[in-house]
Structures are given as structure tokens and as C-alpha cells.
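Asks:
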Amino acid sequence: MPLYWRVIVINAAVFVLGTLALALAPVTVSARVLASEAVVLAIGLVTIVVLNALLLRSTLVPLDRAARLMERVDLEKPGERLPETGNGAAADLVESFNAMLERLEAERDASTARALAAQEAERQRIARELHDEVGQGLTAMLLGLKRAVDRAPDDIRSDLILVQDAARGSLEEVRGVARRLRPSVLEDLGLLSALSATATELSTHSGIHVQRGLAQGLPDLSPEAELVIYRVAQEAMTNVARHSEADTAYLSLTRQGDAVALLVADNGRGVRGRTEGTGIRGMKERARLVGADLTVRPRPEGGTEVRLVVPAKAAT
1 MPLYWRVIVI NAAVFVLGTL ALALAPVTVS ARVLASEAVV LAIGLVTIVV LNALLLRSTL
61 VPLDRAARLM ERVDLEKPGE RLPETGNGAA ADLVESFNAM LERLEAERDA STARALAAQE
121 AERQRIAREL HDEVGQGLTA MLLGLKRAVD RAPDDIRSDL ILVQDAARGS LEEVRGVARR
181 LRPSVLEDLG LLSALSATAT ELSTHSGIHV QRGLAQGLPD LSPEAELVIY RVAQEAMTNV
241 ARHSEADTAY LSLTRQGDAV ALLVADNGRG VRGRTEGTGI RGMKERARLV GADLTVRPRP
301 EGGTEVRLVV PAKAAT
């Protein structure tokens, strides 16, 4: 029955019961209502109102719950659902609302997966172009500069050596950017070596000391889950270098039951009072794609802690 007619029927039933009670009850009402009669009428009115409220409660309360959930629902924090109790139009509404949330979350995850896949493909394309085009060009330049330095007179040789050093530095920068864009070390040497290389790169470029705890014998992970762990660690370490003002960072990958736990922490200024940036949102989106749980919180002793827990054999 539609909700409108359900409310009409409930109210009609209450009014009929009230009318029958007045008709069959041994009570009368004087032209000038007496105090005792007013009490009886008041009791009858309260009874009708309470009965009507009780009968309508099961029908309308789910609507209030749905409205409150609509106000606070956040697709970045999936899983909130209305309890599916009762029957009738309200139960159908609750079931449809929960199905809509599931559909929206599934569509959001699918669109995020497509966006991240496109992002990875674009990163690999740019990395290849940097390596094949820019890198090869700088290498040819260095070879030419070497021949020029060997044949140059003494008065300009020092200038050519400075140009040669600058070109060599640019080549190293290009190779570093290409490595960050395309984690070939992850494909070639595995997750632990890739994380270790990320920690070494952070120490080299920022001077932050990185304490590592990368355990062996971890559960099997899908390639997608390994890529998520690597990208989350890479983004977290980048945030440490850019924002933390720390002198020590901590990187660990350990087994946690049937899951793998990544921890990136620092002893810097922490995240209190700062809004969530695009980097953290990107990490959460990646984590959700493989069913992982990611938390970013301040450490009691100071600094920030990023923890990612990935179930073994995480599905995409």
C-alpha cells in the first residue's frame, strides 16, 4: 500500500474506534460540559492521540532515520546503512535507500579505479618519454661535452666542465623523476626493495633519517595491493619531507594476522588543526579499492602516523 493511503487508513481506523467508543460507552455530554465530563473527554482525546502516534510511528520513523542519514552520509566513509525492519511502504523505502547507497558507493569505487588506472598509465607514459627522449638527449649532450672538454683550450675548459656538471645533474633529476613516476623497482625487485629505495631517496634528498622495519615472509598480495602499498608509502614519505619538519621518520611493513600493515611515522609537528589535503584523500581512495583500512592521526609523542592495513590476497 502506498504511504499516503497507509496513513489515511491508520487515521480512519483510529477515528472509527473513537466514534464507536463514544457511541457504546455509557457516557453523556451536557449542554454545558461538566468537569467530570471534561475529564472523560480529555482522557478519550489523549487515548486517540497516543494510539494514532503509536500506529504511525512504525510507518514514519524510518523516514526520519533516512533524512538524518542523508544529512551525514559521506561516500568517502562507506558502509552506513539504515536498519531494514518492519514491512510496508516504509520498509520498501529503506530497502531502496540502502540499495541506492550501495550503488553510489560501487559507482564511486569504479570511477576511482578507472581514474587511478588512467593516472598510472599516464605516469608510465611520461616516465618512458622522460627516459627515452629527455634522458637520451641529455646523454648525447654529455658525450658531446666530454669530447669538447677534451679538445677545448684551457681558458674555456673550466666553463665547459661546469656546463657538463649541470647537464649531468639534470640527467640525474630526470632519471629520479622517471623512477618516481614508474616504480620499475617494484616490478623488478619486489615490494620490500621498492620501499627501501623510497626510504633511501627520502634520506638522500631531505636529510631525514629513516628507521626501517621491513619484515620478510609476508602474506601473498595481489599486484594491485602491492602498488597501493607502494603509492601510499611514497605519498606519506613525500608529506614527511614537505610538511613535517621532522628529523626522523619510521617506515615498517609487518604481518598483522592475515593482513599486511604499513606504517609511516615521523617526529615532526603533526597534523593537529590542519585540513585533509588531496594527498591524504588520494591515499584513502587507493586503500578503499583493495579493501584496505587507512588511518592518519597524530602520535602521542609528537608527529604524524599513517597506517595502512591491507588484507592478504586483496581483491581489486
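Per full-length UniProt numbering, residue 1 is the first one in the sequence shown, and the count goes up by one each step. Using N, Cα and C, we set each Cβ at its ideal position, and we do this for glycine too.
Quick one: measure Cβ to Cβ for G279 and G303, integer angstroms, because I've assumed they're closer than 8 angstroms.
Replies: Rounded, the Cβ-Cβ distance is 17 angstroms, inconsistent with contact.
Asks: Taking Cβ positions, are A249 and E305 nearer each other than 7 angstroms?
Replies: No, these two residues do not count as a Cβ contact at 7 angstroms.
Asks: Would you say M237 lies against chain B (beta-carbon separation less than 7 angstroms)?
Replies: Protein chains in the displayed structure number just one, and chain B is not present.
Asks: Which parts of the region 246-313 are runs of the beta strand (DSSP E), unbroken and 3 residues or longer, counting only runs that do not cross its ends?
Replies: DSSP runs (the beta strand (DSSP E)) wholly in the region 246-313: 248-256, 259-266, 293-298 and 304-311.
Asks: Per DSSP, what kind of secondary structure is residue 321 in: helix, strand or coil?
Replies: The structure shown does not extend to residue 321, since the chain is modelled only from 1 to 316, so the question has no answer here.
Asks: From the DSSP output, in three-state form, read off G213 for me.
Replies: Three-state DSSP puts G213 in a strand.
Asks: For R65, does the three-state DSSP call read helix, strand or coil?
Replies: DSSP places R65 in helix when its eight states are reduced to three.
Asks: Roughly how far, in whole angstroms, is the beta-carbon of A218 from the beta-carbon of L251, given that I think they are within contact range, below 8 angstroms?
Replies: Reading off the sequence, residue 218 comes out as Leu, not Ala. Not confirmed; about 14 angstroms, so no contact.
Asks: I'd like the list of long-range same chain contacts for R255, defined as Cβ closer than 8 angstroms, with 5 residues on each side in sequence excluded.
Replies: Result list for R255: A215, G217, L218, P219 and A261, in chain order.
Asks: Are the region 283-292 and the region 219-236 touching, with three or more C-beta to C-beta distances below 8 angstroms?
Replies: Taking 8 angstroms as the limit for Cβ pairs, the verdict is that the region 219-236 does touch the region 283-292.
Asks: In or out: L45 buried (at least 16 other Cβ within 10 Å) or exposed?
Replies: Its Cβ having fewer than 16 others within 10 Å, L45 is exposed.
Asks: When you compare only the Cα positions, how much space is there between D150 and R157?
Replies: Between D150 and R157, the C-alpha separation is close to 8 angstroms.
Asks: Using three-state DSSP, classify A127 as helix, strand or coil.
Replies: A127 falls in the helix class under three-state DSSP.
Asks: So what's R208 in DSSP terms, helix, strand or just coil?
Replies: One point to set straight first is that residue 208 is Ile, not Arg, in the sequence displayed. Here I208 sits in coil by DSSP.
Asks: At a cut of 8 angstroms, does the region 186-195 reach the region 154-168 through at least three beta carbon pairs?
Replies: Not touching, per the Cβ criterion.
Asks: Tell me which residues share the same chain as V14 and place their Cβ nearer than 8 angstroms to its Cβ, disregarding the 5 neighbours each side in the sequence.
Replies: So the list reads I48, L51, N52 and L55, once near-sequence residues are dropped.
Asks: Under the rule that 16 or more other beta-carbon atoms within 10 Å means buried, what is A315, buried or exposed?
Replies: Residue placement at A315 cannot be trusted, given a pLDDT of 43 that sits under 50; what the coordinates show is reported in the next sentence. Counting Cβ neighbours within 10 Å, A315 comes out exposed, since fewer than 16 surround it.
Asks: Check for me: the alpha helix (DSSP H) holding residue 402 runs from which residue to which?
Replies: Because the chain is modelled from 1 through 316, residue 402 falls outside the range shown and cannot be assessed.
Asks: Would you grab the beta carbon distance between A259 and V310 for me? Rounded to a whole angstrom, and I think it's under 8 angstroms.
Replies: Yes, they are in contact, since the Cβ atoms of A259 and V310 sit about 6 angstroms apart, within 8 angstroms.
Asks: First and last residue of the alpha helix (DSSP H) that includes V149?
Replies: Run containing V149: Q136 to R151, per the alpha helix (DSSP H) assignment.
Asks: Between G135 and E71, what straight-line distance do the alpha-carbon atoms span, to the nearest angstrom?
Replies: If I take the Cα positions, the gap works out to 52 angstroms.
Asks: Helix, strand or coil, according to DSSP, for E122 in the structure here?
Replies: Looking at E122 - three-state DSSP - the assignment turns out to be helix.
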